[in-house]
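Participant:
In my numbering, the protein residues as written are 937 to 1232.
1. How about residue 1101 and residue 1195: do their beta carbons lie closer than 7 Å?
2. Per DSSP, what kind of secondary structure is residue 982 in: helix, strand or coil?
3. Please report how far the alpha carbon of residue 943 lies from the alpha carbon of residue 1103, in whole angstroms.
4. Can you tell me the Cα-Cα spacing of residue 1096 and residue 1068, whole angstroms?
5. How many Å lie between residue 939 and residue 1088 at the Cα?
6. What's the C-alpha gap between residue 1203 and residue 1155?
7. Restricting to Cα atoms, I'd like to know which of 1191, 951 and 945 is closest to residue 997.
8. Less than 7 Å between C-beta atoms, sequence neighbours within five positions excluded: which residues of the same chain meet that for residue 1178?
9. How long is the line joining the alpha carbons of residue 1169 and residue 1187, rounded to whole angstroms?
10. Are the CB atoms of residue 1111 and residue 1189 nearer to each other than 7 Å?
11. Assuming residue 1127 and residue 1083 are in contact, meaning their beta carbons sit under 8 Å apart, how far apart are those beta carbons, in whole angstroms?
12. If we require 3 or more residues per run, which beta strand (DSSP E) segments fall completely within the stretch 1034-1079?
13. Report back the beta-carbon spacing between residue 1027 and residue 991 to the nearest angstrom; my notes put them in contact at under 8 Å.
14. Using DSSP with H/G/I as helix, E/B as strand and the rest coil, what is residue 1087?
15. By the three-class DSSP mapping on this structure, what secondary structure does residue 1170 have?
16. Would you kindly report the start and end of the unbroken alpha helix (DSSP H) that includes residue 1110?
17. Please name the residue or residues paired with residue 1206 in a DSSP beta bridge.
18. Could you compute how far the alpha carbon of residue 1081 sits from the alpha carbon of residue 959?
19. Would you mind sorting residue 1051 into buried or exposed? The rule is 16 or more other CB atoms within 10 Å of its CB.
20. What do you reckon, are the CB atoms on residue 1210 and residue 1092 nearer than 7 Å?
21. Please name the residue, chosen from 1045, 1148, 1197 and 1075, that lies closest to residue 1118 on a Cα-to-Cα basis.
22. Distance check for residue 1062 and residue 1163, CA to CA, integer angstroms please.
23. Leaving aside the five residues before and after residue 1134 along the sequence, list all residues of the same chain whose C-beta is less than 7 Å from its C-beta, in chain order.
24. Can you give the Cα-Cα distance for residue 1045 and residue 1076, rounded to whole angstroms?
25. Could you tell me the boundaries of the alpha helix (DSSP H) in which residue 1230 lies?
26. By the 10 Å Cβ neighbour count, where 16 or more other Cβ atoms means buried, how is residue 1016 classified, buried or exposed?
27. Tell me residue 1104's beta-bridge partners as DSSP assigns them.
28. Within the same chain, show all residues whose beta-carbon is closer than 6 Å to that of residue 1001, passing over the 5 residues directly before and after it, in chain order.
29. Hey, out of 1151, 1006 and 1011, whose CA is closest to residue 1212's CA?
30. Is residue 1095 near the ligand GTP, in the sense that its beta carbon is under 6 Å from a heavy atom of that ligand?
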């Protein structure tokens, strides 16, 4: 069995027509028929039912199509990764982050990597965790900074740091001095991430407020931490955010009160496509872990 057999099979399974499939593969119909027959003989299963009027997949063919599509996609990703490893001092390196983790550390990371690999074009993207996971699995980004939980057998990850949550509010509009006072905010307006954009964060907000006996009134939603902080700064509501962001948004109008209950925390992960950690990825992880140690 050769790779061309699989590619011919996938094209025929897509087109369900020997004429159209052969045309798109730039071969004549007889060689295509022969290759498909060879494949069926080798695996010992009929993949297509065909007659003069139609071509359809058998049940075995449907199963084979699903599995082979994933196999070919993985092979293309492996080939691309091997090429990148071979060229790891030139080309393009794509880094993604979630908005609630962007900080001076990431700016310093780009500066460090640009100095170490001057011929690499580094691209930085703000992408929510769910979309980052899909992009990492497909090899569309090279390095991700995401929030747990992570459930994927196609991604390698390690803990960067553990973060708590804090109440953030405009000090001229609210007076909160301890986390226990959150229970007094049953009627307060909350500003938060959109549920579809950041489902994990939305669930955390509900969990935290439930601990204090109420369901939050989320009136304003945003897909960006900067917008959330701006709305809070303007007195349009309060929010609950990862504590680490206060380093970036330490405005005089704002006050932060950390929620110190031990089970209320979030893990920040450094993630790469499984088995394809390049020299640049290793350097990025080492740099960020060193930054963490220096700031503890």
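For every residue, glycine included, the Cβ atom is placed at its ideal position computed from N, Cα and C. Please read all numbers here as calculations on a predicted model, not as lab measurements.
Facilitator: According to the data block:
1. Numbered from 1 along the chain shown, position 165 holds the residue referred to as residue 1101. Numbered from 1 along the chain shown, position 259 holds the residue referred to as residue 1195. Contact: yes.
2. Position 46 of the chain shown, counting from 1, holds the residue named residue 982. Coil.
3. Numbered from its first residue, the chain shown carries residue 943 at position 7. Numbered from its first residue, the chain shown carries residue 1103 at position 167. Going from the Cα of residue 943 to the Cα of residue 1103 covers about 55 Å.
4. By 1-based counting over the chain shown, the position of residue 1096 is 160. By 1-based counting over the chain shown, the position of residue 1068 is 132. Taking the straight line from one Cα to the other gives about 16 Å.
5. Position 3 of the chain shown, counted from the first residue, corresponds to residue 939. Position 152 of the chain shown, counted from the first residue, corresponds to residue 1088. Distance between the alpha carbons of residue 939 and residue 1088 is about 27 Å.
6. Within the chain shown, residue 1203 is the residue found at index 267, counting from 1. Within the chain shown, residue 1155 is the residue found at index 219, counting from 1. Rounded to the nearest angstrom, the two C-alpha atoms are 27 Å apart.
7. Counting from 1 along the chain shown, the entry for residue 997 is found at position 61. Here the closest residue by C-alpha is 945.
8. On the chain shown, position 242 is the one that residue 1178 refers to. Taken in chain order, the residues that qualify are 1036, 1099, 1101 and 1202.
9. In the chain shown, residue 1169 corresponds to position 233, counting from 1. In the chain shown, residue 1187 corresponds to position 251, counting from 1. Straight-line Cα distance between these residues: approximately 8 Å.
10. Mapped onto the chain shown, residue 1111 falls at position 175. Mapped onto the chain shown, residue 1189 falls at position 253. No, the pair does not count as a contact, with Cβ atoms beyond the cut-off.
11. Indexing the chain shown from 1 puts residue 1127 at position 191. Indexing the chain shown from 1 puts residue 1083 at position 147. Actually they do not touch by this definition, with Cβ atoms about 19 Å apart.
12. 1056-1062
13. Counting from one through the chain shown, the residue named residue 1027 turns up at place 91. Counting from one through the chain shown, the residue named residue 991 turns up at place 55. Actually they are not in contact, since the Cβ atoms of residue 1027 and residue 991 sit about 42 Å apart, beyond 8 Å.
14. The sequence position of residue 1087 within the chain shown is 151, counting from 1. Residue 1087: coil per DSSP, three-state reduction.
15. Indexing the chain shown from 1 puts residue 1170 at position 234. Coil.
16. Here residue 1110 corresponds to residue number 174 of the chain shown, with the count starting at 1. Following the DSSP letters along the chain, one finds residue 1110 in no alpha helix (DSSP H), marked with neither H nor E.
17. Locating residue 1206 in the chain shown gives position 270, where the first residue counts as 1. Paired residues: 1081 and 1094.
18. Position 145 of the chain shown, counted from the first residue, corresponds to residue 1081. Position 23 of the chain shown, counted from the first residue, corresponds to residue 959. Cα-Cα distance, rounded: 44 Å.
19. Position 115 of the chain shown, counted from the first residue, corresponds to residue 1051. Residue 1051 is exposed by the Cβ-count criterion.
20. Within the chain shown, numbered from 1, the residue matching residue 1210 stands at position 274. Within the chain shown, numbered from 1, the residue matching residue 1092 stands at position 156. For residue 1210 and residue 1092, yes; Cβs fall inside 7 Å.
21. For the purposes of this step, residue 1118 is identified with residue 182 of the chain shown, where counting begins at 1. Residue 1148 is the option with its Cα nearest to residue 1118.
22. For the purposes of this step, residue 1163 is taken as residue 227 along the chain shown, with counting starting at 1. For the purposes of this step, residue 1062 is taken as residue 126 along the chain shown, with counting starting at 1. So the two alpha carbons sit approximately 14 Å from each other.
23. Looking up residue 1134 in the chain shown gives position 198. Cβ within range, chain order: 1064.
24. As a working mapping, residue 1045 is identified with position 109 in the chain shown. As a working mapping, residue 1076 is identified with position 140 in the chain shown. Whole-angstrom Cα-Cα distance: 20 Å.
25. Here the question's residue 1230 lines up with position 294 in the chain shown. Run containing residue 1230: 1215-1230, per the alpha helix (DSSP H) assignment.
26. Mapped onto the chain shown, residue 1016 falls at position 80. Counting Cβ neighbours within 10 Å, residue 1016 comes out exposed, since fewer than 16 surround it.
27. Looking up residue 1104 in the chain shown gives position 168. For residue 1104, which the question treats as bridged, DSSP gives the partners 1175 and 1192.
28. By 1-based counting over the chain shown, the position of residue 1001 is 65. Closer than 6 Å at the Cβ level, and outside the excluded window around residue 1001, lie 949.
29. Residue 1212 sits at position 276 when you count from the first residue of the chain shown. Among 1151, 1006 and 1011, the Cα nearest to that of residue 1212 is on 1011.
30. Of ligands this structure carries none, so the ligand GTP is not represented either.
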